[in-house]
Structure formats: C-alpha cells, structure tokens
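In terms of the working numbering, the sequence shown has 827 at position 496, counting the first letter as 1, and numbering is strictly consecutive. To start, the structure itself, in structure tokens.
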Amino acid sequence: MIWSVKKMFLVCLFAVLFIGTANAQNTNINPASVNVEALSDAQIEKLISEMEKNGMSLEEAMALARARGASQLQIDQMVKKINEYKSGKRNGETQEKDLKEGLKVPKEEEFTEKEEFKATEKNKEIFGFQFFNSKNLSFEPAIDVPVSESYSLGIGDEVNISVYGASQQNYQLTVQKNGAITIPDLGPVHVYGISFAKAQAKIKSRLLSIYNGMGGDRPNTFADVSMGSLKGIKVNVIGEVNLPGTYSLPATASAFNALYLAGGPNENGSFRSIDVQRDGKLVCSIDVYAYLIDGKTQNNIQLRDQDVVLVRPYAKRVKVAGEFKRTGLFEAQKEETVADLLRFAGGFTDKAYTHRLELYRNNSRTLSFKGVSADQYDQVQLMNGDSLVAGMLTERFENRVSIDGAVYRPGNYELTEGLQLSQLIKKAEGLKEEAFMERAVITRKLDDMSLKAISFSVRDVVNGEIDFELQKEDRIQISSIFDMREARTVEIVGEVQFEGTYAWAENLRIGDLIFQAGGFKEDAEVAGLEVSRVLDYKETSELTKSLLHTFQFSLDRNLKLNAEDEAFLLKPFDKVYVRRAPGFRPQGAANIQGEVKYSGDYGIIHKNEKISDIIRRAGGITSEAYVKGASLRRRIELSEAEYQAKVAIAAQDTTMTEADIERVAYQIVGIDLTAILGNPGGVEDLQVKAGDQILVPSKLETVMVSGSVLSPVAHTFTKKKKLKDYVYSSGGFAERAKKGKVYVLYANGTTQATKGGLFGRRFPKVEPGCEIIVPEKPEVDKAGQASKWLAIASTFATLITAIAVATR
C-alpha cells in the first residue's frame, strides 16, 4: 500500500519535475531531456507540496528520481533549487513579519573587526607589540578555502555527503546542538569536537550499513565528505591585553587571530605565558616568541566557541639597548640566560663590541653593575628589571699605517711584522717625480696617545742609507715640490678676450700670455703694454721705498715684438696690463619717437651732439607735433662702486632694501623743445647721451585731474578754463585736500606748484596733456593731539605757579 502511494507520487513528481506542465497523466518522459534550471518557483512549490503531502524526505524523492533515470547533475540542480526556494521563502516570510511588527531585520553573521586604540610609549617599546598591531600581519584565517584535516567540527557547521557510483545520494546536514548529524535511514552520527579527518572516517564507516557497495575489496559505491558553511564562534580574550572582550570569529580562527583583534598583550601582559582554556580546562599555553623568533606555529591552535584566551602578567622583563639588531623590552622565562636574550634581539650589529656586555641589575634598593664577557653569555641568568647594553667598537686599528702625498698609491696599508718605511713606499708604487726629497715626516702615536714627529730625508731612505721600522697608526707624509711653495701664476688684465690668472711656466713670454688670453680686443692699445713685477728675495731683505718694477713694451696685433722685447721672460707673479686706446669710444645711440619725420635710433656721431642735431637728422618735427609736451628719458646705470655704496646704505636704512636698488633706471629730464628749436646749440639744447629716449607727442587735448578730489577724471582742454575750473569739474576738493599744495605735472616731465601770496593762492597754468594733482592731508591722531595739548597746558600751569611763588 505504501509503495503504491509512492509510485503514484513518483508519477506526479516527474510530471512536475521533468515536464513542467500540469499534465500529470503522461508518464512517458525522458528525464535526460529536461532542463531543471528552467523550472519556475510555482513548479518547485508544487513539488515540495507533493513531497510533504506524501511524507517523503528530499533524499527519498531524489532517490526515486535517480531510479527513473535522472542524471546526477539534474539531481544536484534540483536539490539546489529546492533549498534556495525554501531559504528564500523563509527569509522573505520572516522579513515580512518583522517589518509588519516594526522590528529590525537581522543581518547575516558579522565577524569582529579590530578597533583602533592609543598605545602607550612603553607598550610600543615591547618586543612583539608591532606583530599584533600591524596592518600587514593580521593572522586572519582563510575562510574561502577547504578546511584542514585537523579542523574540529562545531555546533552549526554544515557537512556535505556525496554518495556516487552504483548508488547515488547527496546529503546536506548540520551539526545539531547534541553534537551529531542525522543521516536519513541511518540515524545520528556524533562529530562535535573531533577533527575533520576523524569525522570523515566515522561517517564513511556508518554509511557502510546502508550502502553495501562501499565495502569489500572491489567497491562500486563511494562517498565524499566535505564541509559546507561553517558557523562562527565567540571567544573571550581577557587578562593583560589592550582590548579585552568577546570577539566573533570565523570557525577556523586561531589564538593569534583573537590576540590580534585584542591588540595583543598590554604593557603588563606576557608574550610567553598565554593560556587557552576550554570548558574550564587548560588546552595549551602559548609562547609567542616561538613564532616571532623561530616561526613555529605548533601552539597557535584553532579556537572553538566559548574558548577563553587568558594573557597573564609578565614575570621577567629585560631592557636591551645599544648595538643590538633589535632593541626594546624583551621577556625572559625561568633559567633563560644572556645568550637566549641575544638570540631574541637578533644578535649584534656590525658596529658592536661583542666581547663584553654591560648588565645593570635592580636589587630592589639599589642598582648594581656587572660586566658580562662573551664566555659568560650562556651562564648568566636574567632577572626582572635587568638592562643589557652593547657598546660600539672603538675607532682604533691594530695593524694599520698610512702614507699620503707624492706617492702613486696613497692610503692605508696593513702593518705586517717588521714592516720598514722603504717597503711601504714600494707598496705605494713608489715616489712621484715631483716628490720633495729633502724632508718628510712620520707622525706616530705614543702609548699615552700623544703625538711624536719623526723627520727624515726621503733621498736617504730611497738610497738605503737609513730606514725605519713602522708601528701601528703611523702616518707618513711625503710632499711634492709644488706643495712646498706658493702656486706660481701670472695675471693679465685689461683689453684682452679672457683676462684673469694663468699658470706660470718656464720660458713664458708676453706674446704667449696674450695668446692664452685669447688675443687683443678691438679697443686695445697694443703699443703701450706694461708689466709689473714684485721685488725679489734680495730686494725685500732690505727696507726700501721700492714696491714694484715696471716694464713697457710695444706689440702689433699679430703678437710680434722686436728682438729685445721678445727676449723678455715673464716671472712668477708678474702682472700684464693691456690698456684701452685713448680715442676709442663704444658706439652709442639715442632714440627719438613720436611726431618726427623719421623716428628710430640714431648713432651719436660726436661728443657734443645736441637734441637739435638728432631732431634735424630725424627730418624735423611734423605739423601734428605738440612741441611743449616733448620729453627726454635718460638711462642711468650705476657703476659697481655706486651700487655697492647704495647696498651699504640700504643695510643701515630701515626704509629701503637691497631689492629696491636698481642698477639700470630711467629718469625724466624736463626739456623746452620750443626754446631748443628756436635757438639750436643754446643753453636749453642739451647734449645727448647713449640710451637717451626723446618723445615728441602729437597734439594733446585732455587735462587729467587726480588726487584728493571727489571724482578724478580727464577733461577736454579749454583755454578759457583755469585750474580751479578743472577741479570743480571733478566734483571739487575732497574733505582732506591740501589746496595750498596743488601742483601740475606737464607733458614734458616738468612740474609747477601752487604759490601763496598777499592776494591769495596763485595756481599753476594749465596746458594740454598736463595732470593736476591734489595732495591729501595725512590722518591726524586726535587723541594723541589732545594728549599733547594737555601736556603743554600742564607745563604752562606748573611754570606760572613757580613764577608766582618766586615773586611773592
């Protein structure tokens, strides 16, 4: 009866599953031709409803489908779609219910992220702190890779079982709170707390009771056991840590992962004694140094839900300083020695003195010092509060000598037993040709570190007449003949291409030096060369009025001298002067622009050339010229002496800086072109200079009013208007205008100020192109003025009182 019901269900199942229509009567179905992925949610829901109505589990339904000829791929796809549908429907119903009730929909399980905290300076000094507080080393477990065989199964973990071969079946089972998974038709299998490898063996062993094909020498049925999703765990990290608390971690998390989230041990915590407790019992004790120093991870065990990681206070802590590769605060365990700490510190640096360490020990009341030699490193045990310091090597050499100066290979050499000075010179590839043979010096360090000089003749050493046995740190200095005298040079100044100082050489003549200096410039006076020469040794041995000797010579531009002058040889420190030809003048030009016939640059022909000459050469002025407005801008270039003098003044004057000083500037020179043209060569007709700029403007028709007026603006020039008329046309004087100081700047650069007289002010005449400038009164500090008047009044009152007392 039961089998017939199942048979009827099987027909319905395949009608829904492999046809996807409501026609359940057609049982002639080829399951291999059905696309399971195309089934709708309505068809999946109908299938689940039929299964529940007939009391069939998913495993039984899929077994019937497999018997009808469905492939394993189709079975897996169907199981996935049924589970997804159930999960989606359940989550949707739960969320809809929570939303109706105003509740927050819970999120998927989240793992704890590390919080930031401010570490103390002492904490940063502790060796190991950075390992648990580095962004590049988080000890984060891998959650997207297959679990290892040592993984311990926990409550909520998912176990997937796939049976294939002669028999085919898939199971997705969860470890329940009783610690077991329940296999249909088989019953519970207890897997909680055992390793994944043992769980695989146990499950396969139990499957033999329902799958006989898995046994024997030639099995035809096989089973694969794997882990699905893993439920997270909660772990408590307590004791001397920076961030104690309860942490949510992946199921594969280790003790180091929990310590990382907790920030590692704090400044009182131990890195050598960290306990992992499970169900109130000690599982293992972790020594972090085993990982930090040797990379060993044996005790970095996998954690389980509700495990406790307890960090105990440190027992011994030692400070390491000086020439160690690692410095800071290190932790020592019982019976560990200086040698152990040296290994923790990574050994010595390349500059360390390794034969002895300084040990400072706290004796609870006072400090004691102990020198620990290298042969005691593995004997001296460490105590809490000890300090170890490694010193540096001293800058002293046991077997070094050096030789400098006129040898081919100067530098440091090894001091071998019985090394002689002559042998050292040979090691240095011998003496240079310019070596000074008469004297050299050995500088030797004595036992008290004072220095002793030993002089010798280099010639005698080379000839084998004398020799010296060298000692450590001896320094031999052999000079060259050039080191023993002032550098021999000659100098040439004046009108040559490259004046300056040149090296003196034997048989050097005047023509040779001028040749080296690039020859004469065009303005050189070649017939008047002069050579000055210092006095020789004999002349300077007596006090005379003579300072120099001078010699005059005449050359041509091809550097030829007469026979007598050609025989003259230059001596060290001679100075040759090449002067400028008296009639040579550099070309200069003046520029004229504006209303002239031919504007542009004009070369200055002679010294007395005037403004009228330039205007004449420019073809005269045009009919549009405004002669009264003509102006002259003159180029002013400071000499080096003038510039330096102004720089010195600026250094003492707070109102100006060196940046304010211009080497080249232009200044306006007021000229009267009307008078110049009326009387060429007269007093008004100035001599032009190189760089002058003459401007003859066209007729001007405006007058500009600026300064302290209400509306500064330009006005059309009218002969009838006076200065005040233009001011009133600009709104009149402002409140703070200085009416008595009004002045006019004319187009030619000249100015004229207001004059005061018996009959009132006389304002300057206004002309086209001029600018009327109204100055402004400075601001007056009324409070300060009142204080001054009060002080004056007080002084007068005191004076009157004194006079009255004196006249009684």
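Glycine included, each C-beta is placed from N, C-alpha and C at the ideal position. It should be emphasised that the depicted structure is a prediction, and the values quoted were computed from it without experimental measurement.
With a cut-off of 8 Å on Cβ pairs, the stretch 505–522 is not in contact with the stretch 573–583, counting fewer than three such pairs. The DSSP-derived three-state label of residue 682 is coil.
Following the DSSP letters along the chain, one finds residue 622 in no beta strand (DSSP E) but inside the alpha helix (DSSP H) bounded by residues 619–625. For residue 454, the number of other beta carbons within 10 angstroms of its own is at least 16, and it is reported as buried.
Residue 744 carries a strand assignment under DSSP once its states are collapsed to helix, strand and coil. For residue 735, the uninterrupted beta strand (DSSP E) run begins and ends at 731–736, by DSSP.
Burial state of residue 751 is exposed, judged by a 10 Å Cβ sphere holding fewer than 16 other Cβ atoms. DSSP, reduced to helix, strand and coil, places residue 931 within a strand of the structure shown. When the beta-carbon positions are compared, residue 482 and residue 527 come within less than 8 Å of each other. Exclusion of the five residues before and after residue 883 leaves 861 as the residues of its chain whose Cβ lies within less than 6 Å of its Cβ. Annotated three-state conformation of residue 606 is strand, per DSSP. The stretch 1074–1091 and the stretch 994–1003 touch, with no fewer than 3 CB-CB distances between them shorter than 8 Å. Per DSSP, residue 525 lies in no beta strand (DSSP E) segment and is marked neither H nor E. For residue 687, the closest alpha carbon among the candidates 693, 450, 504 and 723 is that of 723. Looking at the DSSP output, residue 832 sits in a beta bridge with 822.
Three or more beta-carbon pairs separated by less than 8 Å are not found between the stretch 813–820 and the stretch 777–784, which leaves the two stretches without contact. In the structure shown, the three-state DSSP call for residue 651 is strand.
Under the three-state reduction of DSSP, residue 893 is assigned to coil, being neither helix nor strand. In this chain, residue 816 is not harboured by any beta strand (DSSP E), its DSSP state being neither H nor E. With fewer than 16 other beta carbons inside 10 angstroms of its own, residue 834 counts as exposed. Here the C-alpha atom of residue 875 lies approximately 43 Å from the C-alpha atom of residue 981. In the three-state reduction of the DSSP assignment, residue 463 falls in the helix class. Each of 558, 851 and 524 was checked against the Cα of residue 829, and the nearest Cα belongs to 851.
Taking the Cα positions, residue 579 is about 21 Å away from residue 612. In the structure shown, the three-state DSSP call for residue 495 is strand. Remark: C-beta atoms of residue 1084 and residue 1039 do not approach each other more closely than 8 Å. Look at the beta carbons and you see the stretch 671–690 not touching the stretch 743–757: under three pairs across the two are nearer than 8 Å.
With fewer than 16 neighbouring CB atoms inside 10 Å of its own CB, residue 705 falls in the exposed class. With respect to the C-alpha of residue 708, the residue from 732, 698, 678 and 716 having the closest C-alpha is 678.
Runs of alpha helix (DSSP H) with 4 or more residues, each lying fully within the stretch 899–949, are found at 942–948, listed in chain order. Nearest in C-alpha terms to residue 652, of all of 458, 1056 and 965, is 458.
Rounded to the nearest whole angstrom, the C-alpha separation of residue 640 and residue 374 is 51 Å. Nearest C-alpha to residue 498 among 553, 690 and 504: 553. Selection 923, 809, 1044 and 994 evaluated against residue 1019 yields 923 as nearest (Cα-Cα). When rounded, the separation of the alpha-carbon atoms in residue 967 and residue 871 is 47 Å.
Remark: C-beta atoms of residue 602 and residue 619 approach each other more closely than 8 Å.
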